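As they're listed, the protein sequences go chains U and C. Using the numbering used here, read the first sequence as starting at -15 and increasing by one per residue. Using the numbering used here, read the second sequence as starting at -15 and increasing by one per residue.
Number of protein chains: 2
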Amino acid sequence: MLLLTEIAGIIPITNEIEAAIRDKFVKCDYMKSECLHEAGKVAKDLYFIEKGLVRMFYHNDAGKDITYGYYTEGDFITVPDSFFTQVPSKYHMEMMEDGTLYAITLSDFNQILIDYPVMQRLENKTLRTFLLKAGERITALQFQSAQERYDTLMDNQPSIIRRVPLGTIASYLGITQETLSRIRGRK
Amino acid sequence: MLLLTEIAGIIPITNEIEAAIRDKFVKCDYMKSECLHEAGKVAKDLYFIEKGLVRMFYHNDAGKDITYGYYTEGDFITVPDSFFTQVPSKYHMEMMEDGTLYAITLSDFNQILIDYPVMQRLENKTLRTFLLKAGERITALQFQSAQERYDTLMDNQPSIIRRVPLGTIASYLGITQETLSRIRGRK
DNA sequence: ATTACTTTTTGATTAATATCAAAAGCAACG
DNA sequence: CGTTGCTTTTGATATTAATCAAAAAGTAAT
């Protein structure tokens, strides 16, 4: 079970913890384009992706759909600005492929943290990973050209490009769809 | 003591915890332009800013100095991609004004987390705050104009502009110094 | 295959920002 | 003061990417 394997990579798993995880993380299948979280609502669940690809996005002032990020197999995801604070978020989260996720509610998650404080390390680790990625994106958006940002994406997550529509990638890179199409055309 | 006040805002502080904090967080004065962390080294300390302004920056491939962020009174700061992983970082951290910080080493910090697991929540909270800010910057860099990003900075941290050289702000906003100067000139 | 629909590409033009170069402003120092 | 060294502003030009518009390529259902 990928979920347990991932967690075991971060903290030592006792039988008790394993039982709690099996109990509280609920496995569920989702279909392509199914909505995991809707803007304006409070995030109910933290998810773990066993299979599939999730896109987080929002609509800017002009109503344009802008991709914040993609998440895939082995990632823990949620809308962090909503789940932990229970404040409504502007972000949507949606399945880009059929897939299988495990979901846990905030109250179950908090209970696990109380029962097994070592699990805090899991949350911390997840947050740090998010933060590291965020830092890299900021750096890229600050001073790399569209071409460089695309190249980096190709190097790091080449599969994304095959799995999602071009338009959503363009907004992820901070450029228009036309520009991305031209970048791909070059060379 | 601002450090204790800040922590008390996040977790309940017992006498024991207060004693541990007073013991392990070492107060130290720094002078303007003093270096808190040098690129290529492993981050030794986590800091809390009682007074002063810290800039985190790096040199890009072209050798240009690029500001990652500014941190001020009440912030916990470190080079997160180095401190927690103990891997060398490309970031520098430097005082922009004379100031007073509290520093704690990773081993002391970890010991506190072991002795008082509730302190994990402090780490969590700090990471979440960093992450939230990072998310906002990504959003801004993705699709806001230079002018909009400057306006946002003015709204959120107007004092920064008075406390640091213009050139470092420009790179923070992802624009050149000349463009920033022109934005300020308008209206 | 045919139609309807969505996604991607191509083209022409415009707008935003970078670059290069130099001038102006400012602060510390002798 | 006047010089030196740094920061900020101004100007002219070049580049990058956005915008608007339309054509082409895919995809799915009939």
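C-beta atoms are modelled at their ideal positions from N, C-alpha and C, and glycine is treated no differently. Since we're looking at a predicted model, the values are computed, not measured.
Let me know if I98 of chain U comes out buried or exposed under the rule of 16 or more other beta-carbons within 10 Å of its beta-carbon.
exposed
Specify the secondary structure class of A87 of chain C as computed by DSSP and reduced to three states.
strand
Label G169 of chain C either buried or exposed according to how many other C-beta atoms from any shown protein chain fall within 10 Å of its C-beta, with 16 as the threshold for buried.
With fewer than 16 neighbouring CB atoms inside 10 Å of its own CB, G169 of chain C falls in the exposed class.
Whose Cβ in chain U lies nearer than 7 Å to the Cβ of F127 of chain C?
Listed by position along chain U, the residues whose Cβ is nearer than 7 Å to that of F127 of chain C are N44, I50 and G158.
Can you check which of these residues, C:Y54, C:H43, C:G47 and C:A23, is closest to L37 of chain C by C-alpha distance?
Closest by alpha carbon: C:Y54.
Does DSSP classify R170 of chain C as helix, strand or coil?
coil
Taking the alpha carbon of E18 of chain C as the reference point, which residue from C:L85, C:I96 and C:I144 has its own alpha carbon closest?
If we check each option's Cα against that of E18 of chain C, C:L85 comes out closest.
Proximity below 8 Å, CB of P72 of chain U to CB of V102 of chain U:
No, Cβ-Cβ distance for P72 of chain U and V102 of chain U is not below 8 Å.
Secondary structure at E34 of chain U, three-state DSSP: helix, strand or coil?
strand
In chain order, which continuous runs of the alpha helix (DSSP H) of length 4 or greater are located wholly inside the stretch 55 to 136 of chain U?
The qualifying runs are 64 to 67, 90 to 99 and 104 to 127.
From which residue to which residue does the beta strand (DSSP E) around D45 of chain U run?
Premise fails: D45 of chain U is in no beta strand (DSSP E) and is neither H nor E.
Please classify H21 of chain U as buried or exposed, where buried requires at least 16 other C-beta atoms within 10 Å of its C-beta.
Per the 10 Å Cβ criterion, buried.
Whose Cβ in chain C lies nearer than 9 Å to the Cβ of N108 of chain U?
F68, Q104, E107, N108 and L111
Y75 of chain C and A23 of chain C look like a contact to me (Cβ under 8 Å); what is the Cβ gap, rounded to whole Å?
Contact holds; Cβ gap of about 6 Å.
Span of the beta strand (DSSP E), counted from its first residue to its last, around K8 of chain C
Note, K8 of chain C: premise wrong, no beta strand (DSSP E); alpha helix (DSSP H) at N(-1) to K8.
Do G83 of chain U and the ligand MG come close, with the Cβ less than 7 Å from some heavy atom?
You won't find the ligand MG in this model; it holds no ligand whatsoever.
So with CB distances below 9 Å, who are the chain C contacts of L116 of chain U?
Residues of chain C passing the Cβ test: P64, D65 and T69.
Could you pull out every residue in the same chain whose Cβ sits closer than 8 Å to the Cβ of T163 of chain U, ignoring the five residues on either side in sequence?
A130 and A154
DSSP three-state assignment for G53 of chain U, whether helix, strand or coil:
DSSP places G53 of chain U within a strand segment (E or B) once states are collapsed to three.
Within 8 Å (strictly less), CB to CB, does G169 of chain U reach chain C?
no
Check whether chain C comes within 8 Å of R133 of chain U, counting only Cβ atoms and requiring the distance to be less than that.
Taking Cβ atoms only, chain C never reaches closer than 8 Å to R133 of chain U, which makes this a no.
Selected residue, minimal CA-CA separation from A3 of chain U, among U:Y14, U:L106, U:I122 and U:L(-12):
U:L(-12)
What whole-angstrom Cβ distance do Y31 of chain U and T62 of chain U have, given they're in contact under 8 Å?
Under the criterion of beta carbons closer than 8 Å, Y31 of chain U and T62 of chain U qualify as touching, at roughly 6 Å.
How big is the Cα-Cα spacing for R133 of chain U and Y14 of chain C?
Distance between the alpha carbons of R133 of chain U and Y14 of chain C is about 38 Å.
Starting from the Cα of N140 of chain C, find the closest Cα among C:T56, C:I(-3), C:M40 and C:K35 and give me that residue.
C:T56
Supposed close pair L203 of chain C, Q126 of chain U - CB separation, criterion 8 Å
The structure shown has nothing for residue 203 of chain C, since chain C only spans -15 to 171.
Name, in chain order, the residues that DSSP records as bridge partners for R39 of chain C.
C:Y54 and C:E78
Would the beta-carbon of V148 of chain U fall within 8 Å of that of M77 of chain U?
no
Partners in chain C for R39 of chain U, counting only beta-carbon separations shorter than 8 Å:
In chain order: nothing, as chain C lies at least about 14 Å away.
Check this for me: beta carbons of D29 of chain U and I(-9) of chain U, under 8 Å apart or not?
For the pair D29 of chain U and I(-9) of chain U, the CB atoms are not nearer than the 8 Å cut-off.
Decide if N(-1) of chain C is buried, meaning its Cβ has at least 16 other Cβ atoms within 10 Å, or exposed.
The residue in question, N(-1) of chain C, is exposed, as its Cβ has fewer than 16 Cβ neighbours within 10 Å.
Using a Cβ-Cβ cut-off of 6 Å (strictly less than) and excluding sequence neighbours within five positions of Y100 of chain U, which residues of its own chain qualify?
I1
Given that G119 of chain U touches chain C, what residues does it touch there, using C-beta distances under 7 Å?
D65 and A118
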